[in-house]
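Peer 1: Residue numbering for the sequence shown follows my numbering, beginning at 496 and increasing consecutively.
Quick one: this structure, given as structure tokens, is what I'll be asking you about.
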Amino acid sequence: MSKPRILFMGTPDFSLPALHLLHQHHYPIIGVVTQPDRPKGRGLKEVAPPVKILAQKLGLPVYQPPKVREESFLEVFRNLSPDMVVLVAFGQILPRAIIDYPPLKCLNIHPSLLPKYRGAAPLNWQIIRGETKTGVSIMIMDESMDSGDILLQEETPLGAAETFGELHDRLAQLGAQLLIKSIEQVAGGTAQRKQQDASDATLAPRLTKETGKIDWNNKAGNIINLIRGLSPAPTAHTTLEGLPLKIFKAVAQPGKVENSPGTIVEVNSDGLTVAAADGYVILRDIQLAGKKRMTVADFLRGHHVKVGSILN
């Protein structure tokens with residue numbers, strides 16, 4: 496069985512294990528398409544996306560079209576004439592001219608058990624909404640959002656304390672391994688397509704700053720899930736003494752609440768204990784505006800926090 500000529504499309508860190516594993520398995524990668532370099536940081540210096548950096552390290556040709564639907568890139572695409580396109584968190588919507596072209600289709604890694612959590616931020620929303628299991632789906636792309644036929648799925652437990660960053664890294668590796676199995680089946684003519692049941696679909700919309708705003712009137716468990724689902728970035732946030740406070744790590748503590756939600760009821764090196772609707776949230780790892788991320792123990796060495804202060 497000859498290996499298909501693959502055009503890889505991806506941009507962030509999540510894409511890296513798939514590209515690396517394809518290269519390790521000696522698939523002919525005829526090109527890597529990624530987003531253009533973007534200005535980043537205080538100096539707004541142009542920074543290459545992670546996929547570009549890895550592709551150059553592996554000696555692969557890189558293409559960075561501002562829009563893949565423009566004719567200038569579509570001409571390049573047709574000249575490359577891939578047998579298959581592999582897309583992993585690329586960041587642009589593919590036109591039909593690309594989706595319909597490869598004889599072995601366009602394969603996509605999606606980090607959820609489709610049709611659940613279609614959309615831009617499936618990893619985050621699965622944690623925020625308190626899911627206890629997750630997984631990876633390999634699907635054949637169509638023009639709608641994450642609605643293509645599924646080739647393979649693998650389920651895995653979602654840890655009660657697992658953060659977005661930890662789940663991101665774990666599912667990126669799991670997705671890469673499942674991708675290789677899917678490609679082998681497609682190339683060998685043994686792949687079986689399963690149509691998604693649209694009636695079971697749920698959405699994972701793009702995150703906004705408002706997404707991360709903590710409502711202390713919420714249940715402690717829900718607040719913890721929000722913190723986990725946005726850690727280490729873009730982070731859940733509140734305000735302390737009028738300054739933005741990012742929260743990276745916290746734990747829930749049951750107990751009878753006699754204070755208004757958002758009230759700091761205890762301050763010690765173990766954390767800041769904050770009242771919620773049905774218990775308490777102990778903040779362990781935080782970052783106040785203008786400061787570095789640090790444990791509460793380190794934070795208290797240089798900052799006095801009063802019991803009775805209100806987090807808004």
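From the three backbone atoms N, C-alpha and C, an ideal C-beta is built for every residue, glycine too.
State yes or no: is the C-beta of asparagine 619 within less than 8 angstroms of the C-beta of leucine 698?
Peer 2: Not a contact, by the Cβ cut-off of 8 angstroms.
Peer 1: Following a CB-centred definition, is valine 760 positioned closer than 7 angstroms to any heavy atom of the ligand MN?
Peer 2: Inclusion of the ligand MN in the displayed structure is not the case, the ligand content being empty and no account of it being possible.
Peer 1: What separation, rounded to the nearest whole angstrom, lies between the Cα atoms of glycine 737 and glycine 536?
Peer 2: Distance between the alpha carbons of glycine 737 and glycine 536 is about 25 angstroms.
Peer 1: Per DSSP, threonine 730 is paired with what?
Peer 2: DSSP, once it has assigned bridges, lists no residue as partnering threonine 730.
Peer 1: Would you call the CB atoms of methionine 579 and leucine 549 closer than 8 angstroms?
Peer 2: Taking 8 angstroms as the Cβ cut-off, methionine 579 and leucine 549 do not qualify as a contacting pair.
Peer 1: For the segment 592–654, which segments carrying the alpha helix (DSSP H) assignment without a break, of at least 4 residues, lie completely within its bounds, in sequence order?
Peer 2: 617–623, all fully within the segment 592–654.
Peer 1: With leucine 795 as the anchor, note down where its alpha helix (DSSP H) starts and where it stops.
Peer 2: Unbroken alpha helix (DSSP H) run through leucine 795: 791–797.
Peer 1: Among Arg613, Thr651, Asp664, which one has its Cα closest to the Cα of isoleucine 645?
Peer 2: Considering only alpha carbons, the answer is Arg613.
Peer 1: What residue range does the alpha helix (DSSP H) around isoleucine 722 cover?
Peer 2: That run of the alpha helix (DSSP H) goes 715–724.
Peer 1: If you check the beta carbons only, do valine 800 and valine 762 fall under 8 angstroms apart?
Peer 2: Yes, they are a contact pair.
Peer 1: What would DSSP say about proline 739, mapped onto helix, strand or coil?
Peer 2: In this structure, proline 739 counts as strand in the three-state DSSP scheme.
Peer 1: Going straight from the alpha carbon of glutamate 638 to that of valine 571, what length do you get?
Peer 2: Going from the Cα of glutamate 638 to the Cα of valine 571 covers about 21 angstroms.
Peer 1: Assuming contact is defined by CB atoms lying nearer than 8 angstroms, are valine 542 and threonine 529 in contact in what I supplied?
Peer 2: Cβ atoms of valine 542 and threonine 529: not closer than 8 angstroms.
Peer 1: To test your reading of the DSSP string, which unbroken alpha helix (DSSP H) runs of 4 or more residues are found completely within the segment 533–602?
Peer 2: For the segment 533–602, whole alpha helix (DSSP H) runs of length 4 or above, ordered along the chain, are 545–552, 566–575, 591–594.
Peer 1: Could you check the C-alpha separation between glutamine 648 and isoleucine 678 for me, to the nearest Å?
Peer 2: Using only the alpha carbons, I get a separation of about 13 angstroms.
Peer 1: For valine 752, name the three-state secondary structure that DSSP assigns.
Peer 2: Note: valine 752 maps to coil in three-state DSSP.
Peer 1: Count the other CB atoms, across all protein chains shown, that sit within 10 Å of the CB of arginine 723; report buried if there are 16 or more and exposed otherwise.
Peer 2: Result: buried.
Peer 1: So which of Ala728, Gly774, Pro727, Val557 has the shortest CA-CA distance to asparagine 717?
Peer 2: Out of Ala728, Gly774, Pro727, Val557, Gly774 has the C-alpha closest to the C-alpha of asparagine 717.
Peer 1: For leucine 721, does the count of other Cβ atoms within 10 angstroms reach 16, so buried, or fall short, so exposed?
Peer 2: Label assigned to leucine 721: buried.
Peer 1: Would DSSP call lysine 689 helix, strand or coil?
Peer 2: Three-state result, lysine 689: strand.
Peer 1: Would you call the segment 617–632 in contact with the segment 648–660, where contact means no fewer than 3 C-beta pairs closer than 8 angstroms?
Peer 2: Yes: the two stretches touch, three or more of their Cβ pairs being nearer than 8 angstroms.
Peer 1: Just to confirm my understanding: we take glutamine 587, look at its own chain, exclude 5 residues before and 5 after, and list those with CB closer than 6 angstroms. What are they?
Peer 2: Val563.
Peer 1: Hey, out of Arg779, Asn807, Ile805, Gly803, whose CA is closest to phenylalanine 794's CA?
Peer 2: Nearest of Arg779, Asn807, Ile805, Gly803 to phenylalanine 794, Cα basis: Arg779.
Peer 1: Under DSSP, the alpha helix (DSSP H) around alanine 770 begins and ends at which residues?
Peer 2: Segment 766–770 is the beta strand (DSSP E) holding alanine 770; no alpha helix (DSSP H) there.
Peer 1: Grab me the residues of proline 729's own chain with a C-beta within less than 7 angstroms of its C-beta, minus the 5 sequence neighbours each way, in chain order.
Peer 2: Hits under 7 angstroms: Leu702, Gly707.
Peer 1: From the DSSP output, read off the bridge partner residues of glutamine 782.
Peer 2: Answer by DSSP bridge pairing, in chain order: Lys741.
Peer 1: Taking its Cβ as the centre, do 16 or more other Cβ atoms sit within 10 Å of threonine 685, making it buried, or is it exposed?
Peer 2: Label assigned to threonine 685: exposed.
Peer 1: If contacts are defined as beta-carbon pairs under 8 angstroms, then isoleucine 633 and leucine 666 qualify, I think. What distance do you get, rounded to the angstrom?
Peer 2: No, isoleucine 633 and leucine 666 are not in contact; Cβ-Cβ is about 12 angstroms, not under 8 angstroms.
Peer 1: Assign alanine 747 to one of three DSSP states: helix, strand, or coil.
Peer 2: Strand at alanine 747.
Peer 1: Since I believe proline 556 is in contact with isoleucine 501 (beta carbons under 8 angstroms), could you give me their beta-carbon distance rounded to a whole number of angstroms?
Peer 2: No, isoleucine 501 and proline 556 are not in contact; Cβ-Cβ is about 12 angstroms, not under 8 angstroms.
Peer 1: Around the C-beta of glutamine 621, are 16 or more other C-beta atoms found within 10 angstroms, so that it is buried, or is it exposed?
Peer 2: Buried, since its Cβ has 16 or more Cβ neighbours within 10 Å.
Peer 1: To the nearest angstrom, report how far apart alanine 693 and lysine 751 are at their CA atoms.
Peer 2: So the alpha carbons of these two residues sit roughly 43 angstroms apart.
Peer 1: Can you list, in chain order, the residues of its chain with a C-beta nearer than 7 angstroms to that of threonine 790? Leave out the 5 residues immediately preceding and following it.
Peer 2: Within the same chain, threonine 790 has close Cβ partners Arg779, Asp780.
Peer 1: Looking at the secondary structure, which residues open and close the alpha helix (DSSP H) in which valine 527 lies?
Peer 2: Where valine 527 is concerned, there is no enclosing alpha helix (DSSP H), although the beta strand (DSSP E) it sits in stretches over 524–528.
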